[in-house]
Amino acid sequence: MRLLILINLIFFSSYIPSAEHDYIADSDVQNTFQWEQIADSGIASLNTNFWNAAKFYSNANPDDGKFNYWPQAHALDVLVDAYARTGKNVYIDYMNAWYTGVNVKNGNTFLNEFYDDMEWNALAMHRAYQVTHDKKWLNESVILWNDIKNGWNDVIGGGIAWRKTQTYYKNTPANVPAAILAARLYIETKEEIYLTWAKKIYTWEKSTLVNRLDGLVYDGINANNDGKLQDDPGWRFAYNQGVFIGAALELYGITKDKVYLNDALRTADHMIIDNVMSPDGIMRASDNGDGGLFNGIGVRYLTLLTLHPDIPSSLRNKYIAFIKHNAETLWLNGMDRTKTIFSNNWRQPPGETAYLTPQLSGCMLMESMALLARKNYLK
Numbered sequence: 077m078r079l080l081i082l083i084n085l086i087f088f089s090s091y092i093p094s095a096e097h098d099y100i101a102d103s104d105v106q107n108t109f110q111w112e113q114i115a116d117s118g119i120a121s122l123n124t125n126f127w128n129a130a131k132f133y134s135n136a137n138p139d140d141g142k143f144n145y146w147p148q149a150h151a152l153d154v155l156v157d158a159y160a161r162t163g164k165n166v167y168i169d170y171m172n173a174w175y176t177g178v179n180v181k182n183g184n185t186f187l188n189e190f191y192d193d194m195e196w197n198a199l200a201m202h203r204a205y206q207v208t209h210d211k212k213w214l215n216e217s218v219i220l221w222n223d224i225k226n227g228w229n230d231v232i233g234g235g236i237a238w239r240k241t242q243t244y245y246k247n248t249p250a251n252v253p254a255a256i257l258a259a260r261l262y263i264e265t266k267e268e269i270y271l272t273w274a275k276k277i278y279t280w281e282k283s284t285l286v287n288r289l290d291g292l293v294y295d296g297i298n299a300n301n302d303g304k305l306q307d308d309p310g311w312r313f314a315y316n317q318g319v320f321i322g323a324a325l326e327l328y329g330i331t332k333d334k335v336y337l338n339d340a341l342r343t344a345d346h347m348i349i350d351n352v353m354s355p356d357g358i359m360r361a362s363d364n365g366d367g368g369l370f371n372g373i374g375v376r377y378l379t380l381l382t383l384h385p386d387i388p389s390s391l392r393n394k395y396i397a398f399i400k401h402n403a404e405t406l407w408l409n410g411m412d413r414t415k416t417i418f419s420n421n422w423r424q425p426p427g428e429t430a431y432l433t434p435q436l437s438g439c440m441l442m443e444s445m446a447l448l449a450r451k452n453y454l455k
């Protein structure tokens, strides 16, 4: 799903955060938000408006008849979020139906042409295993990993290819989620080979696709087999920042090497002030296709960083304020209240057609707020 980048960077071991954009929500307004109820309404709308008889999520409502593999992963992630939050078995029922329906629709397999798409699904299935302890989820994650790692080659000094028929093109979506997956499989199995892979992928990504000065994570490099980095500002995406934060957090948790934590903080601090990704503190409007997922993924991993006990309280408060500001803006301005349909533009309501990917991003944002509320971080 996307494209390129490079900038050889120096590995920083210390980080001084930016003081820009200290978002402060109106305290009188924020207390009126019932985030768990809002999260409930978001996923209820997801299942009412997008779940279909073939046991997967439609791209749009009205249904356009198309199947897109990678958004299914994020739908599963949202089901996991809801089950982890509520403990309601209805979400396990959806998850098990998803397992059958997506597999059949994808050709009776979870394997796919696109390495990044497999990674998103493997990550979601591993999370499903963590909350259900049903081994089918873990087994599929490992099967996918064993295919994903074959995408590594020496073009551009390493990295996993974006797809099996375009092995020269390397991008963040095909690499950093793989590093997260390998790190989590290491935690699950204690097999050192997974940690070796996680570190190798992360090192390649950081040296190739991350700006050494501000932590900006670029999308890809060598899309046209010309060695060029995709550093056009229009190709700055929150999900690339998010997964890099996530990989850094996983490796910090395993190694306790603060270089990783500082990497995560640097990238997070840039993401929330970048005038392309977060103009005026609101994550930028997307399209209703692949781009509809980008902000939700960014928020998911920013929330994990926010919850980490080792980050400074000043940064935690700044990240919370940013997430809250976006959630309140979406809830007040960017949804169809009659159906709880979220817009691809968090500043304005959606059109008549409802689209899956913006709905998923909205659900991810509201689940993040519900989690922060449950952890008593919303004062």
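Every position in the sequence shown, counted from 1, becomes a number in this note's numbering once 76 is added.
Positions of the beta carbon are idealized from the N, C-alpha and C atoms, including for glycine.
Taking C-beta atoms as the reference points, residue 362 and residue 249 fail to come closer than 8 Å. For residue 190, DSSP records a beta bridge to 239.
A residue is called buried once 16 or more other Cβ atoms fall within 10 Å of its Cβ, and residue 128, having fewer, is exposed.
Burial is judged here by how many other beta carbons sit within 10 angstroms of a residue's own beta carbon; residue 450 has fewer than 16 and is exposed. Pairing residue 319 with residue 168, the inter-Cα distance amounts to about 26 Å. Close CB contacts of residue 271 within its chain, under the 6 Å cut and outside five residues either way in sequence, are with 262 (chain order). If you draw a straight line from the Cα of residue 234 to the Cα of residue 405, it is about 41 Å long. Going by DSSP, residue 341 is part of the alpha helix (DSSP H) stretching over 334-349. Between residue 394 and the set 123, 322 and 345, the nearest pair of CA atoms involves 345. Around the beta-carbon of residue 390, fewer than 16 other beta-carbon atoms lie within 10 Å, marking it exposed. Residue burial is scored here from C-beta neighbours: residue 355 has fewer than 16 other C-beta atoms within 10 angstroms and is therefore classed as exposed.
Look at residue 295 here: in three-state DSSP terms it is coil, with no helix or strand label.
Minimum Cα-Cα distance from residue 221 among the listed residues 251, 283 and 376 corresponds to 251. Ranked by how close their Cα comes to the Cα of residue 207, the residues 296, 156 and 378 have 156 in first place. Its Cα nearest to that of residue 400, the residue 358 stands out among 358, 295 and 381. DSSP, reduced to helix, strand and coil, places residue 286 within a strand of the structure shown. By the neighbour-count criterion, in which 16 or more other beta carbons inside 10 Å mark a residue as buried, residue 246 falls on the buried side. By the Cβ-count criterion, residue 310 is exposed, with fewer than 16 other Cβ atoms from all chains shown falling within 10 Å of its own Cβ.
In the three-state scheme derived from DSSP, where H, G and I count as helix and E and B as strand, residue 171 is classed as helix. Counting along the chain, residue 369 sits inside no alpha helix (DSSP H), nor does DSSP assign it H or E at all. Residue 317 is classed as buried because its beta carbon has at least 16 other beta carbons within 10 Å across all chains shown. With contacts defined as CB atoms closer than 8 Å, residue 216 and residue 186 qualify as a contacting pair. DSSP places residue 411 in the strand class (E or B) of the three-state scheme.
Excluding five sequence positions before and after residue 134, the CB atoms of its chain that fall closer than 6 Å to its own CB belong to 126 and 128, given in chain order. By a beta-carbon distance limit of 8 Å, residue 305 contacts residue 294. Their separation comes to about 6 Å.
Spatial neighbours of residue 292 in its own chain (CB-CB distance under 6 Å, excluding positions within 5 residues in sequence) are listed in chain order as 346.
Approximately 13 Å separates the beta-carbon atoms of residue 143 and residue 174; this is outside 8 Å, ruling out the contact. For residue 255, the closest alpha carbon among the candidates 239, 267 and 199 is that of 199. Rounded to whole angstroms, residue 387 and residue 381 show a C-alpha spacing of 8 Å. The residue from 297, 454 and 334 with its alpha-carbon nearest to that of residue 238 is 297. Nearest to residue 197 by alpha-carbon distance, out of 164, 241, 151 and 166, is 151. Beta bridge pairing from DSSP links residue 126 with no other residue.
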